[in-house]
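Asker: First residue of the sequence shown? That's 438 in the working numbering, and the numbers climb one at a time after it. Questions regarding the structure given below will be posed in turn.
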Amino acid sequence: MIPPGETIGILGGGQLGRMLALAAAQLGYRCHVFAPERDSIAADVCAEFTCAAWDDRKALETFAKSCAVVTYEFENVPVEPLAAVKVAAPLHPPRRALEIAQDRFTEKRYAEDLGGVPVAFAPVGTVADLRHALGRIGLPGILKTRRDGYDGKGQQRIADDVAAHDAMHAFAGHPAIYEAFVEFEAEFSVILVRGADGDIRFWDSAENVHARGILSRSTVPASPLVQSQIADARGLATRVAEALSYVGVLTLEFFATPLGPLFNEMAPRVHNSGHWTIEGALTSQFENHIRAICGLPLGDTSLACKGVVMDNLIGDAAHDWAQILSDPANHLHLYGKAAVRPGRKMGHVTRLLL
Ligand code: AMP
Numbered sequence: 438m439i440p441p442g443e444t445i446g447i448l449g450g451g452q453l454g455r456m457l458a459l460a461a462a463q464l465g466y467r468c469h470v471f472a473p474e475r476d477s478i479a480a481d482v483c484a485e486f487t488c489a490a491w492d493d494r495k496a497l498e499t500f501a502k503s504c505a506v507v508t509y510e511f512e513n514v515p516v517e518p519l520a521a522v523k524v525a526a527p528l529h530p531p532r533r534a535l536e537i538a539q540d541r542f543t544e545k546r547y548a549e550d551l552g553g554v555p556v557a558f559a560p561v562g563t564v565a566d567l568r569h570a571l572g573r574i575g576l577p578g579i580l581k582t583r584r585d586g587y588d589g590k591g592q593q594r595i596a597d598d599v600a601a602h603d604a605m606h607a608f609a610g611h612p613a614i615y616e617a618f619v620e621f622e623a624e625f626s627v628i629l630v631r632g633a634d635g636d637i638r639f640w641d642s643a644e645n646v647h648a649r650g651i652l653s654r655s656t657v658p659a660s661p662l663v664q665s666q667i668a669d670a671r672g673l674a675t676r677v678a679e680a681l682s683y684v685g686v687l688t689l690e691f692f693a694t695p696l697g698p699l700f701n702e703m704a705p706r707v708h709n710s711g712h713w714t715i716e717g718a719l720t721s722q723f724e725n726h727i728r729a730i731c732g733l734p735l736g737d738t739s740l741a742c743k744g745v746v747m748d749n750l751i752g753d754a755a756h757d758w759a760q761i762l763s764d765p766a767n768h769l770h771l772y773g774k775a776a777v778r779p780g781r782k783m784g785h786v787t788r789l790l791l
């Protein structure tokens, strides 16, 4: 067990790290952020900050030596240099979880091997592969880079052969996957925390609405259709967590279809669709992640109210902070990002149904 007062290392300097650090501070821990960018909104609320490149092994090792445990908030941390971290401090969740989640093909295969049902998919490296995938899966579909895509980046919808041809040229040299375009009824996420002793707890599943590939709103409770598919989805999430001897918060995202839940992707970390848990659950995803990686008993994940709606503040929407605050029921979170950019997550607002 890592007692309060110790230092927790966080790889990645964004809003997830910031909210993890705030939860860690509440429990009496110090945090040390490692991130390559100078402006880190996580480092702004932490005791220590190492600004260095992801492949700077010396810096990673020195960083890890200053920490009792290391975690990550950014999914695209290069896995290979993390060997230097593991020598100096325990790393949770495991490196293998990152490795799987970083590659859209590997993660879908992994879920399939554990009995999950992913969207129809095929790896695409060449024009011939794409032709083959189109023949097997059909149109419409989505071509996605296997790596480094997030919030809808690195994706292109394909409605016809001309679009397929154009997309292949745009993706040239980037390994990709082709997926069937799913006419889903709804999207939802399953978020669990697994403690060092194997104890697993779930939060209520949020129904999620995306706009241009970016999460826009999460609502709890989810609709009856989603509710009817949660047990299945939780089963897969449990098998993933157990197979990986996972410690910390794990998220799986699904499409709810009339035929059952289709697995979309997993994130080995706290998740945007769980931000509502800060006010809406008895213990937030951030606090339970800290508890898990430090070997503390997990907190109760039950809903603290009748329901919750969480809206992301994307780009200019963050300028409305004064108006948002004029309603005393709104819980406003701003991430402290200096520059507003279209499509950038600037904050979120949570409202509880009491
Ligand atoms: P992703 O980065 O794969 O999570 O995609 C972001 C969002 O794009 C998803 O949450 C969906 O709203 C949409 N999307 C991604 N893949 C598909 C698909 N195969 N069919 C329909 N919508 C999709």
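We put the beta carbon where it would ideally sit given N, CA and C, even for glycine.
Let me make sure I understand the geometry here. Which of L689, A754, H469 has the alpha-carbon closest to that of F486?
Answerer: By 1-based counting over the sequence shown, the position of residue 486 is 49. For F486, the nearest C-alpha among the options comes from H469.
Asker: What did DSSP end up calling S626 once you bin it into helix, strand or coil?
Answerer: If you number the sequence shown from 1, residue 626 lands on position 189. In this structure, S626 counts as strand in the three-state DSSP scheme.
Asker: Considering only their Cβ atoms, is the gap separating T508 from H529 smaller than 7 Å?
Answerer: Within the sequence shown, the letter at position 92 stands for residue 529. Within the sequence shown, the letter at position 71 stands for residue 508. Yes; because the gap between Cβ atoms is below 7 Å, this pair is in contact.
Asker: By the DSSP assignment, the beta strand (DSSP E) with Y547 in it spans what residues?
Answerer: Counting from 1 along the sequence shown, the entry for residue 547 is found at position 110. Note, Y547: premise wrong, no beta strand (DSSP E); alpha helix (DSSP H) at 541 to 550.
Asker: Under the criterion of a Cβ to heavy atom distance below 6 Å, does H756 qualify as lining the ligand AMP?
Answerer: The count along the sequence shown starts at 1 and reaches residue 756 at position 319. Outside the cutoff, so no.
Asker: Apart from the five residues on each side of it in sequence, which residues of its chain come closer than 6 Å, Cβ to Cβ, to A521?
Answerer: To locate residue 521, count along the sequence shown from 1; it is residue 84. Cβ within range, chain order: R494, L497, E498.
Asker: Since G578 sits in a beta bridge, which residues does DSSP pair it with?
Answerer: Translated into the one-based positions of the sequence shown, residue 578 becomes position 141. I595, A617.
Asker: Would you grab the beta carbon distance between V707 and H726 for me? Rounded to a whole angstrom, and I think it's under 8 Å.
Answerer: Start at 1 with the first residue of the sequence shown, and residue 707 comes out as number 270. Start at 1 with the first residue of the sequence shown, and residue 726 comes out as number 289. Correct: roughly 5 Å between the Cβ atoms.
Asker: Inspect the beta-carbon positions of V627 and A674 and report whether they are closer than 7 Å.
Answerer: Within the sequence shown, the letter at position 190 stands for residue 627. Within the sequence shown, the letter at position 237 stands for residue 674. Yes; because the gap between Cβ atoms is below 7 Å, this pair is in contact.
Asker: Just checking G697 against the ligand AMP - is the residue's beta carbon closer than 6 Å to any of the ligand's heavy atoms?
Answerer: The residue you call residue 697 lines up with position 260 of the sequence shown. Result no, Cβ not under 6 Å from the ligand AMP.
Asker: Identify every residue that forms a DSSP beta bridge with K782.
Answerer: Reading the sequence shown from its first residue, position 345 is the one you call residue 782. According to DSSP, which records beta bridges pairwise, K782 is partnered with I751.
Asker: Is it the case that the Cβ atoms of E616 and G578 are separated by a distance below 7 Å?
Answerer: Here residue 616 corresponds to residue number 179 of the sequence shown, with the count starting at 1. Here residue 578 corresponds to residue number 141 of the sequence shown, with the count starting at 1. For E616 and G578, yes; Cβs fall inside 7 Å.
Asker: Taking the alpha-carbon positions, what's the G697 to N749 distance?
Answerer: Stepping through the sequence shown from its first residue, residue 697 is reached at position 260. Stepping through the sequence shown from its first residue, residue 749 is reached at position 312. Near 27 Å, if we compare the C-alpha coordinates of N749 and G697.
Asker: Please report the residue range of the beta strand (DSSP E) in which E485 lies.
Answerer: Taking the sequence shown and counting its residues from 1, the one referred to as residue 485 is at position 48. E485 -> beta strand (DSSP E) spans 485 to 488.
Asker: What does DSSP give as the partner residue(s) for S655 in the beta ladder?
Answerer: Within the sequence shown, residue 655 is the residue found at index 218, counting from 1. Partner(s): N645, M747.
Asker: Reducing DSSP to helix, strand and coil, say where P560 ends up.
Answerer: Along the sequence shown, one-based indexing puts residue 560 at 123. In this structure, P560 counts as strand in the three-state DSSP scheme.
Asker: My understanding is that D753 touches V786, with C-beta atoms under 8 Å, so please give their C-beta distance in whole angstroms.
Answerer: Start at 1 with the first residue of the sequence shown, and residue 753 comes out as number 316. Start at 1 with the first residue of the sequence shown, and residue 786 comes out as number 349. About 14 Å separates the two Cβ atoms, so there is no contact after all.
Asker: Among the residues of its own chain, which have a CB less than 8 Å from the CB of F691, if the five just before and after it don't count?
Answerer: If you number the sequence shown from 1, residue 691 lands on position 254. If we look at F691 and ignore the five residues flanking it on each side, its Cβ neighbours are E624, F625, S626, V627, Q666, A670, P698, L699, F700, N701.
Asker: What is the residue span of the beta strand (DSSP E) that E702 lies within?
Answerer: Position 265 of the sequence shown holds residue 702. 697 to 704 is the span of the beta strand (DSSP E), which, as asked, contains E702.
Asker: Could you pull the DSSP bridge partners for T694 from this structure?
Answerer: By one-based count along the sequence shown, residue 694 stands at place 257. T694 is bridged to G697.
Asker: Is it the case that the Cβ atoms of L567 and L629 are separated by a distance below 7 Å?
Answerer: On the sequence shown, residue 567 is found 130 positions in, with the first residue counted as 1. On the sequence shown, residue 629 is found 192 positions in, with the first residue counted as 1. No, the pair does not count as a contact, with Cβ atoms beyond the cut-off.
Asker: Going by C-alpha to C-alpha distance, which of V657, R584, G635, D636 sits closest to A643?
Answerer: Counted from its first residue, the sequence shown places residue 643 at position 206. For the residues V657, R584, G635, D636, the minimum Cα distance to A643 belongs to V657.
Asker: Would you check whether the ligand AMP has a heavy atom nearer than 6 Å to the C-beta of G450?
Answerer: Residue numbering aside, residue 450 sits at position 13 when the sequence shown is read from its first letter. No; taking the cut-off as 6 Å, the Cβ of G450 has no heavy atom of the ligand AMP nearer than that.
Asker: Hey, quick one: how far does the alpha helix (DSSP H) through A633 stretch, first residue to last?
Answerer: The residue you call residue 633 lines up with position 196 of the sequence shown. No alpha helix (DSSP H) holds A633; DSSP gives it neither H nor E.
Asker: Quick check: the Cα distance between G780 and A755, rounded to an integer number of angstroms?
Answerer: Within the sequence shown, the letter at position 343 stands for residue 780. Within the sequence shown, the letter at position 318 stands for residue 755. Their Cα atoms are separated by approximately 11 Å.
Asker: G591 to D540, Cα distance in whole Å?
Answerer: The sequence position of residue 591 within the sequence shown is 154, counting from 1. The sequence position of residue 540 within the sequence shown is 103, counting from 1. So the two alpha carbons sit approximately 13 Å from each other.
Asker: Beta-carbon within less than 6 Å of G570's beta-carbon, same chain only, minus the 5 sequence neighbours each way: which residues are those?
Answerer: Working through the sequence shown from its first residue, we reach residue 570 at position 133. Position check: residue 570 holds Ala in this sequence, whereas Gly was assumed. Cβ neighbours of A570 beyond the five flanking positions: A559, V561, Y615.
Asker: Just to confirm, are F542 and R584 a CB contact at a threshold of 7 Å?
Answerer: Residue mapping note: residue 542 aligns to position 105 of the sequence shown, counting from 1. Residue mapping note: residue 584 aligns to position 147 of the sequence shown, counting from 1. No. Outside cutoff.
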